[in-house]
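Asks: Protein chains in written order, with the working numbering: chain H, 54 to 408; chain W, 53 to 322.
The structure follows.
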Amino acid sequence: MDWSRVVESVLVLTHVDENGVALTKASLEAVTAGKELAQRLAASITIGIVGANGRSAARSVTGTGARLIAVGGEAFAQPRFASDAAACEALCRAAHATLVLAPHSSRFARITASVAHRLAGVIDTHITSLDLEGGDGICALRWFYRQRIEVVLTRSKRPWFLLLDGGTHAAFAAEPSAANVEELAVELPVLRTNIVGIRNPRQALQTVRPDARMLFVAGAGWTKKQPDGQTHVEDAGHLILAFLHATNASLGSSKSLVDQGGEGHSVLPFLTHLNQVGQTGSMPRHAKGLSTCCHGEEPHVVGWRFIGERRAISLDANCGWTRGKADVVYVADAFQVMTRLNVLLTVKKSEETAE
Amino acid sequence: MANPLHIVVCAGIVPDPLQTLEPVVTATGPGLKNELVLPAVLDPWAASALYEAAHLAGKWPGSKVWLVSVGPKAKLQQVMMTIAQKAAFELVAIDAPIGGFADAEATAQALTDAIVGIAGLDRERLLLFGGWESASRGAGVTLQLVGERLGILDQFQGVDQIDLREDGSFEVAERVEGGRQQVSQCAGAPAVLGWATGNLAEPRNNPQLGMTNMHTVMPALQRAKRMDLSSNGLHYLSVSLPKQQRLTRVVKDATPEAIAAELAEWIGAE
């Protein structure tokens with residue numbers, strides 16, 4: 054089929070948050086992207102909602118003027134492949150959209166490729182921006198080889214599913230109002246999976262905070278021998294946790310530091326592989342980032358590709374983490390700097406609390 | 053367990069993460085400069101899946117692990133020389149172009165065809181393993197598409213842990229937002245598990261295991277069918293390295309107090 058002659062229509066797939074009553078922030082970001090794209094293409098827009106109570110969640114997006122469709126009921130309260138895929142398939146079939154946008158959340162990343170396949174469509178994920186190629190064709194930007202190569206691509210086939218990375222668009226915001234929602238009935242397959250719940254990977258502090266303004270990256274240098282010839286892993290742990298407490302920053306880690314746990318070395322007890330940023334870790338987005346005791350070359354540094362302002366404390370000014378990658382590098386002992394920085398931040402926090 | 057496990061691990065090969073990558077335009081589309089001579093490794097998250105599969109199979113007697121891998125024969129052979137020393141498996145090789153720029157649909161179809169053709173595989177007992185994302189395309193869709201083609205309706209992505217019970221049911225922990233894990237209980241195979249890092253360290257090389265594996269690896273490589281992966285309507289408009297290079301201000305010889313004061317001001321500034 055020659056899809057170039059088809060008039061585009063946009064569907065934004067969204068889902069509710071853990072409380073089940075509101076759309077997730079990532080979903081609202083996808084709504085913004087969908088609304089902008091539909092306006093530029095002069096295309097119709099539909100918003101599809103998955104969740105136990107989609108009607109309630111739809112109130113926040115009535116301001117888009119989009120057609121609202123939802124799949125609701127207890128079976129859709131849980132993020133589960135079989136039920137979520139069936140729900141999204143039904144929403145897509147009802148919308149007849151050529152372009153399907155959705156947030157790259159864990160819930161939708163689990164199912165959207167399968168839904169695309171059921172609709173005989175194609176899919177691209179981790180999209181960071183959408184544009185119009187030559188005025189009418191749509192092109193998408195994403196990264197390959199773990200954020201090391203930037204690619205602009207387009208597809209001639211439809212429907213085209215696009216999963217948008219979080220933090221790439223502003224969340225849609227409008228005064229909630231009564232919504233006219235079409236609720237779809239979905240025939241579910243036999244459900245063999247039951248969600249038990251959400252847990253922290255260890256009985257430890259929650260140190261991964263995607264919504265934090267700042268990312269603090271801890272490198273393997275924290276566990277190495279210090280000028281006195283001894284390691285001070287416990288002190289390092291206290292310093293890092295005190296900083297996180299004072300700033301509410303999110304904690305990232307280099308691969309080498311996390312891996313030390315598996316190699317039997319002393320490690321920071323609150324670190325897990327979920328803290329890891331970079332090649333085989335996450336690619337978080339924060340306004341600011343402070344790296345400490347991180348060493349390595351370009352492949353390891355991709356973990357803070359999407360950090361706005363970057364500063365580093367390192368003993369090596371020419372290290373791959375710093376030169377050309379950070380805005381400022383302080384050539385200094387991180388133990389000494391962090392000790393004094395924590396004092397300043399604690400005093401400042403106390404003053405703010407007193408006010 | 054009444055029925056031993058049949059675990060199929062889908063794992064691609066990627067350039068060693070420490071290599072410098074430079075995109076180039078080839079006759080068939082974008083690729084990497086000197087791609088065929090870059091040292092290659094088994095995709096890191098897929099390697100986690102293989103180690104977890106071998107660990108599980110070792111705990112349940114009679115279980116078997118197949119490794120289905122796509123890539124040029126020569127590169128596959130190079131990678132298998134190492135991987136074969138780390139886990140027991142039977143290789144199913146597909147001779148196809150390397151790289152992240154191939155379309156996931158085409159790759160998934162090739163993998164599905166290979167899995168369907170495995171003699172002795174009981175698909176009712178199938179646990180389909182792989183990495184939740186590759187280190188090349190990094191889309192996180194190939195394994196899901198293979199599962200969909202095989203009609204598997206229990207899929208899990210970003211898996212860090214599986215606890216298998218005697219009756220074949222299992223509990224699985226998947227990564228979700230905020231550094232947390234979603235814990236689910238599944239009635240049992242067939243299921244798809246896209247692994248994140250898991251909990252196992254990389255196994256040490258075992259030359260004896262390598263010799264045993266290579267007896268089946270070499271014939272599998274010889275049998276590998278040549279496939280061209282279709283573009284499926286995918287067009288690349290540009291493929292480039294990020295240009296961004298920051299002008300780094302290097303602060304030397306400042307006291308810890310002065311640095312701390314500057315950082316405190318920066319952190320507090322909105």
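Just so it is clear, CB atoms sit at the ideal spot from N, CA and C, and this is done for glycine as well.
Just curious, the beta strand (DSSP E) that H:A340 is in, first and last residue?
Replies: Mapped onto the first sequence, residue 340 of chain H falls at position 287. Segment 339-345, the beta strand (DSSP E) holding H:A340.
Asks: Could you pull the start and end residues of the beta strand (DSSP E) that H:W213 belongs to?
Replies: In the first sequence, counting from the first residue as 1, residue 213 of chain H sits at position 160. Per DSSP, H:W213 belongs to the beta strand (DSSP E) from 213-217.
Asks: Let's test the definition: count the other Cβ atoms within 10 Å of the Cβ of W:H58 and tell me whether it reaches 16, buried, or not, exposed.
Replies: Residue 58 of chain W sits at position 6 when you count from the first residue of the second sequence. Classification for W:H58: buried.
Asks: To the nearest angstrom, how far is it from the Cα of H:A139 to the Cα of W:A106?
Replies: Translated into the one-based positions of the first sequence, residue 139 of chain H becomes position 86. Translated into the one-based positions of the second sequence, residue 106 of chain W becomes position 54. Between the C-alpha atoms of H:A139 and W:A106 there is a straight-line separation of about 33 Å.
Asks: Quick test of your reading: W:F222 and W:V60, contact by CB under 8 Å. State the CB separation rounded to the nearest angstrom.
Replies: By 1-based counting over the second sequence, the position of residue 222 of chain W is 170. By 1-based counting over the second sequence, the position of residue 60 of chain W is 8. Not really, about 16 Å apart at Cβ, beyond 8 Å.
Asks: Pick from H:R108, H:I98, H:S230: whose alpha carbon is nearest that of H:A150?
Replies: In the first sequence, residue 150 of chain H corresponds to position 97, counting from 1. Of the candidates H:R108, H:I98, H:S230, the one whose C-alpha sits nearest the C-alpha of H:A150 is H:I98.
Asks: I'd like to confirm the pairing. Which residues does DSSP put opposite H:E203 in its beta bridges?
Replies: What you label residue 203 of chain H is simply residue 150 of the first sequence in a count that begins at 1. Paired residues: H:W196, W:S292.
Asks: Measuring only the C-alpha atoms, how far is H:R171 from H:T399?
Replies: Locating residue 171 of chain H in the first sequence gives position 118, where the first residue counts as 1. Locating residue 399 of chain H in the first sequence gives position 346, where the first residue counts as 1. Whole-angstrom Cα-Cα distance: 55 Å.
Asks: Kindly list the residues whose CB is nearer than 8 Å to the CB of H:F225, restricted to its own chain and excluding five residues on each side of it in sequence; keep chain order.
Replies: Stepping through the first sequence from its first residue, residue 225 of chain H is reached at position 172. Excluding residues within five positions, the ones whose Cβ falls inside 8 Å are L81, E82, V84, T85, K88, S113, V114, G116, T117.
Asks: Enumerated in chain order, which unbroken segments of the beta strand (DSSP E) with a length of 3 residues or greater are wholly contained in the stretch 221-266 of chain W?
Replies: 222-228, 232-238, 243-247
Asks: If you measure from the beta carbon of W:H107 to each beta carbon in chain H, is any gap under 8 Å?
Replies: Working through the second sequence from its first residue, we reach residue 107 of chain W at position 55. With 8 Å as the cut-off, W:H107 does not count as an interface residue toward chain H.
Asks: Taking 8 Å as the CB-CB limit, is H:L215 close to chain W?
Replies: The residue given as residue 215 of chain H occupies position 162 in the first sequence. False, the Cβ-Cβ gap to chain W never drops below 8 Å.
Asks: If you reduce the DSSP assignment to three classes, tell me which class W:I167 lands in.
Replies: To locate residue 167 of chain W, count along the second sequence from 1; it is residue 115. Residue state, collapsed to three classes: helix.
Asks: Given a cut-off of 8 Å, decide if W:E185 and W:F208 are closer than it, judged by their beta-carbon atoms.
Replies: As a first step, residue 208 of chain W must be located in the second sequence, where it is residue number 156. As a first step, residue 185 of chain W must be located in the second sequence, where it is residue number 133. Cβ atoms of W:F208 and W:E185: not closer than 8 Å.
Asks: Using 10 angstroms around the beta-carbon of H:A110, count the other beta-carbons present and answer buried if the total reaches 16, otherwise exposed.
Replies: Position 57 of the first sequence holds residue 110 of chain H. Under this definition H:A110 is a buried residue.
Asks: Go through its chain and collect everything with a Cβ distance to H:T375's Cβ below 6 Å, but skip five positions before and after it.
Replies: As a first step, residue 375 of chain H is located in the first sequence; it is residue number 322 there, counting from the start. Excluding residues within five positions, the ones whose Cβ falls inside 6 Å are A365, S367, V382.
Asks: Can you list the residues of chain H that W:W318 reaches, using a CB-CB cut of under 9 Å?
Replies: Residue mapping note: residue 318 of chain W aligns to position 266 of the second sequence, counting from 1. Ordered by position in chain H, the residues that pass the 9 Å Cβ test against W:W318 are K341, L343, E362, R364, V381.
Asks: Just tell me which of H:A123, H:A223, H:E203, H:R195 has its CA closest to the CA of H:L216.
Replies: Residue 216 of chain H sits at position 163 when you count from the first residue of the first sequence. The residue with the shortest Cα to Cα distance from H:L216 is H:R195.
Asks: Would you please verify whether the beta carbon of H:L397 is less than 8 Å from any beta carbon of chain W?
Replies: Taking the first residue of the first sequence as 1, we reach residue 397 of chain H at position 344. Interface residue, yes.
Asks: From this set, H:G220, H:A128, H:L292, which residue's C-alpha is nearest H:T276's C-alpha?
Replies: As a working note, residue 276 of chain H is residue 223 in the first sequence. Of the candidates H:G220, H:A128, H:L292, the one whose C-alpha sits nearest the C-alpha of H:T276 is H:L292.
Asks: In the DSSP assignment, find the beta strand (DSSP E) that holds W:G83 and state where it starts and stops.
Replies: Counting from one through the second sequence, the residue named residue 83 of chain W turns up at place 31. Run containing W:G83: 81-84, per the beta strand (DSSP E) assignment.
Asks: Against chain W, with Cβ distances strictly below 8 Å, would H:G377 count as a contact?
Replies: Reading the first sequence from its first residue, position 324 is the one you call residue 377 of chain H. So, interface residue.
Asks: By DSSP, does H:A290 sit in helix, in strand, or in coil?
Replies: To locate residue 290 of chain H, count along the first sequence from 1; it is residue 237. In the sequence as displayed, the identity of residue 290 of chain H is Gly instead of Ala. In this structure, DSSP gives H:G290 a helical state, which the three-state scheme calls helix.
Asks: Sorted by chain position, which residues of the same chain lie with C-beta nearer than 8 Å to W:Q137's C-beta, five sequence neighbours on each side aside?
Replies: For the purposes of this step, residue 137 of chain W is taken as residue 85 along the second sequence, with counting starting at 1. The residues are N257, N258, P259, L261, G262, N265.
Asks: Could you list the residues in the stretch 148-174 of chain H with a C-beta less than 7 Å from some C-beta on chain W, going in chain order?
Replies: S158, S159, A162, R163, A166, S167, H170
Asks: CA-CA distance, W:E322 and H:R338?
Replies: In the second sequence, residue 322 of chain W corresponds to position 270, counting from 1. In the first sequence, residue 338 of chain H corresponds to position 285, counting from 1. Because W:E322 sits at a pLDDT of 47, beneath the cut-off of 50, its placement in the model cannot be relied upon, and the point is left open.
Asks: Any C-beta of chain W within less than 7 Å: which residues of the stretch 229-251 of chain H qualify?
Replies: Result list: P242, R245, T246, N247, I248, V249, G250, I251.
Asks: In terms of alpha-carbon separation, which member of H:V286, H:L394, H:C192, H:A155 lies closest to W:T307?
Replies: For the purposes of this step, residue 307 of chain W is taken as residue 255 along the second sequence, with counting starting at 1. Of the candidates H:V286, H:L394, H:C192, H:A155, the one whose C-alpha sits nearest the C-alpha of W:T307 is H:L394.
Asks: Helix, strand or coil: which one does DSSP assign to H:G104?
Replies: Looking up residue 104 of chain H in the first sequence gives position 51. Here H:G104 sits in coil by DSSP.
Asks: Determine, for W:V120, whether the minimum Cβ-Cβ distance to residues of chain H falls below 8 Å.
Replies: By one-based count along the second sequence, residue 120 of chain W stands at place 68. Closer than 8 Å: no.
Asks: Between which two residues does the alpha helix (DSSP H) containing H:H170 stretch?
Replies: The sequence position of residue 170 of chain H within the first sequence is 117, counting from 1. From DSSP, the alpha helix (DSSP H) with H:H170 extends over 165-171.
Asks: Relative to the C-alpha of H:Q131, which candidate in H:D184, H:F161, H:T181, H:I100 has its C-alpha closest?
Replies: The residue you call residue 131 of chain H lines up with position 78 of the first sequence. Closest option to H:Q131, Cα to Cα, is H:F161.
Asks: Please list the residues of the stretch 222-236 of chain W that have a C-beta atom closer than 9 Å to any C-beta atom in chain H, keeping them in chain order.
Replies: E223, V224, A225, E226, R227, V228, E229, G230, G231, R232, Q233, Q234, V235, S236
Asks: Please state whether the Cβ-Cβ distance between W:F141 and W:V117 is less than 8 Å.
Replies: Position 89 of the second sequence, counted from the start, is the residue given in the question as residue 141 of chain W. Position 65 of the second sequence, counted from the start, is the residue given in the question as residue 117 of chain W. W:F141 places its beta carbon less than 8 Å from that of W:V117.
Asks: Helix, strand or coil for H:C145? Go by DSSP, reduced to three states.
Replies: To locate residue 145 of chain H, count along the first sequence from 1; it is residue 92. H:C145 falls in the helix class under three-state DSSP.
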